[in-house]
Amino acid sequence: MERLASKLCVIAGERNVSTDAAECDYFAQDVFTRDTPAGVVVAPGDTEQLAAVVAEAVRAGRAVVPRGGGMSYTSGYVPSEAQSVLLDMRRMNRVLEINRDDMYVRVEAGITWQALHEALQEQGLKTPYWGTLSGRYATVGGSLSQNSIFWGSGRHGSAADAVLSMEVVLADGSLLNTGSAAQKHARPFFRHFGPDLTGLFTGDGGALGVKATITLKLLPQAAEHGFGSFAFEGYADMCAAMSEIARRDLVTECFGFDPYLQRQRMKRESLAKDASQFVGVLKSAGGVGQAIRDGAKTAMAGRRFMDDVQWSFHVMCEERTADAAKAARDEAAKIVVAHGGRELPDSIPRVVRANPFGPVNNMLGPEGERWVPVHGLVPHSQAVSAIDRVEAVFNRHRDGLEKFDIHTAYLLATVGTSCFVVEPVFFWPDAIEEMHRRSVEPDHLKRLKDFPAQPEARALVTRIKDELAELFSAMGAVHLQVGKAYHYRQGLRPEPLGMVRAIKSYVDPENRMNPGCLGL
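Numbering (the working numbering), first residue to last: 64 to 583.
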């Protein structure tokens, strides 16, 4: 490793290579898992350095594991082998081209969603999917390797649906172009030219190669927005309403909470934080008069209106005209009433939309509890039954959950017109790791409790997570950020599994690219 590290210093620069034990441990942690540390951490500065680092590491027989912003929780970049070479991609963070004529943007893979959003916002543009809530840290390349949802997902789908083309470094250091850029004389303006090679590298977790540059579609920013918040007594009626809104393609974001997660989110932030977010609402409103109206409406709503709410969900609409935005929001409200729900003040979606890439303090509970989700993507017709079956699992483990003070909750969302996300969430008292200390705001971190390590509680959470992954697999659910946590290989039919293995063997014959990811 010492000899390899010296060679990597020549390629990437000494200050961008570390074999420090603490750094190699930190960079190999995700939000939930701390296991095998890296052998060396390398931060390449451009595509040429990236290709040379990968080739050198593979020649040395080392596993190569790419890491973006580090916001995932399925062990995707946690090495499965000792002495792995971990790639910190965050130096590759430039916008390479904003092409207004052909409506695409080309970026390096290590750019954050927040940085990309701000660069495009100056020109009145956006990508169809434009980031996850952790986008001040989460990178474009990491999100595509894991696949992710949130901003724009209600209408435009996941991160993978926004991609036109990629440049991918393969295990031998060669550079593969996908989409129209695979054609010798073409630019990366279109995703398809024969078989969809771009799709192969979305959701691969770096098991097939390392993303160097990425080209995404562009859209004009929406001129008008609409917001809605709604309350239900139970999840069955709420899921039905969310699904119908999704099927009618009315909103760009649609997400909901169970009573426990609602209470956690209401407790988590301070009144001072409310005030700072209120400023964001004012800035995001169109015109002084609208800003005053929206700001007053949000400020007057406060938080008390959520005190007697059981289940709730929230929507955001983007349209070309104010009338169209109002019509979409009003149609969503009619669907809610028809399913037995009621309207709430819309301050929550307004604040979230006005501050799209806030702090990632939510990776811990309001008292400093550890947090981890597990999820399944199902068709609308299976949403309620999925929650029913998850509840049955929780009930079987009720004694253990109560013994270790483990609390469970749900985040629900829709993706496009055909997909429903069921995300059970765990909170439990346990020691905070270095990953949290470097990510959560320092002032917020100071207010949290310093719980002792609870390995038995963490083991039970892991056991229930694994059981839910098995449950979702048996239901035919699929997953984002498969990493090393979900049943990808085990759940595939023999024919697609054989093809995936053959592709893996072709692009990575020595299995040096993130071994263990996807179960490969």
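Glycine included, every Cβ here is placed at the ideal spot set by N, Cα and C.
Once DSSP output is grouped into helix, strand and coil, what is the label at Ala338? Bear in mind that the predicted position of Ala338 carries a pLDDT of just 45, short of 50, making it unreliable; the figure below should be weighed with that in mind. Reduced to three states, the DSSP call for Ala338 is helix.
Spatial neighbours of Phe320 within its chain, please: C-beta separation below 8 Å, excluding the five flanking residues on both sides. Arg328, Trp374, Ser375, Phe376, Ala472, Tyr473, Leu474, Leu475
Hey, out of Tyr192, Met166, Pro191, Tyr200, whose CA is closest to Ala178's CA? Tyr200
What do you get for Lys189, buried or exposed, if any count of 16 or more other CB atoms within 10 angstroms of its CB means buried? buried
Exposure label - Gln92; buried when at least 16 CB within 10 Å: buried
Hey, would you say Ser208 sits closer than 7 Å to Gly269, going by beta carbons? yes
Beta carbon of Glu86: closer than 6 Å to some heavy atom of the ligand PLP? Although the ligand PLP was asked about, the structure shown includes no ligands whatsoever.
Compute the distance between the beta-carbons of Gly236 and Ala390, then report whether it is under 7 Å. Cβ distance not < 7 Å, so Gly236 and Ala390 don't count as in contact.
Below 7 Å CB to CB, which residues in the same chain sit around Arg97 once its five sequence neighbours on both sides are set aside? Glu496
To the nearest whole angstrom, what separates the beta carbons of Leu584 and Ala106, a pair I think is in contact under 8 Å? Nothing about residue 584 can be read from this structure; the chain reaches only from 64 to 583.
State yes or no: is the C-beta of Cys87 within less than 7 Å of the C-beta of Val104? yes
Check Pro107 in the structure and name its three-state DSSP category. coil
Nearest-angstrom Cα distance between Phe213 and Thr477? 9 Å
Does the beta carbon of Phe295 sit closer than 7 Å to a beta carbon anywhere in chain B? Included in the structure is just one protein chain, with no chain B present.
From Thr265 to Asn210, what does the alpha carbon distance come to, in whole angstroms? 7 Å
On the premise that Ser147 lies in contact with Arg622, defined as a C-beta separation below 8 Å, what is that separation, rounded to the nearest angstrom? This structure leaves residue 622 out entirely; the chain is present only between 64 and 583.
With 16 as the cutoff for other CB atoms within 10 Å, does Val248 come out buried or exposed? Note on residue identity: the sequence assigns His, not Val, to residue 248. Classification for His248: exposed.
Does the structure place the stretch 402 to 412 close enough to the stretch 292 to 306 that three or more beta carbon pairs sit under 8 Å? Yes, they touch.
Less than 7 Å separating the beta-carbons of Phe490 and Trp434? yes
Status (buried if at least 16 other CB within 10 Å, exposed otherwise) for Pro572: exposed
Among Gly257, Cys380, Trp176, nearest to His288 - alpha-carbon criterion: Distances from the CA of His288 to each of Gly257, Cys380, Trp176 were compared; the closest alpha carbon is that of Cys380.
Beta-carbon separation of Ala244 and Pro251 under 7 Å? Less than 7 Å separates the beta-carbon of Ala244 from that of Pro251.
Where do the N-terminal and C-terminal ends of the beta strand (DSSP E) with Trp214 fall, by residue? Unbroken run through Trp214: none, as it is neither H nor E.
So, Gly539 versus Asp409, is the Cβ gap smaller than 7 Å? no
In whole angstroms, what separates the C-alpha of Val415 from that of Arg66? 49 Å
Please identify the residue among Gln544, Arg526, Gly479, Val116 whose C-alpha is closest to the C-alpha of Ser216. Gly479
Spatial neighbours of Ser536 within its chain, please: C-beta separation below 8 Å, excluding the five flanking residues on both sides. Tyr549, His550, Gln553, Gly554
Going by the beta-carbon positions, is the gap between Ala520 and Phe467 smaller than 7 Å? With a cutoff of 7 Å on beta-carbon distance, Ala520 and Phe467 are scored as near each other.
From the DSSP output, read off the bridge partner residues of Leu511. When beta bridges are read from the DSSP output, Leu511 appears opposite no residue.
My output table needs one value for Ile174: the three-state DSSP class, helix, strand or coil. coil
Is the beta carbon of Thr261 less than 7 Å from the beta carbon of Val231? Taking 7 Å as the Cβ cut-off, Thr261 and Val231 do not qualify as a contacting pair.
Do the CB positions of Val203 and Ala182 come within less than 7 Å of each other? no
Helix, strand or coil: which one does DSSP assign to Asn210? In this structure, Asn210 counts as coil in the three-state DSSP scheme.
Measure the C-alpha to C-alpha separation of Met229 and Gly242 and round it to an integer number of angstroms. Taking the CA atoms as reference points, Met229 sits about 7 Å from Gly242.
Pop quiz: Arg501 and Glu394 are said to be a contact at Cβ under 8 Å. What is the actual Cβ separation, rounded to whole angstroms? Going by Cβ atoms, the distance from Arg501 to Glu394 rounds to 44 Å, so no, they are not a contact pair.
Euclidean distance between Cα positions of Val372 and Asn424: 24 Å
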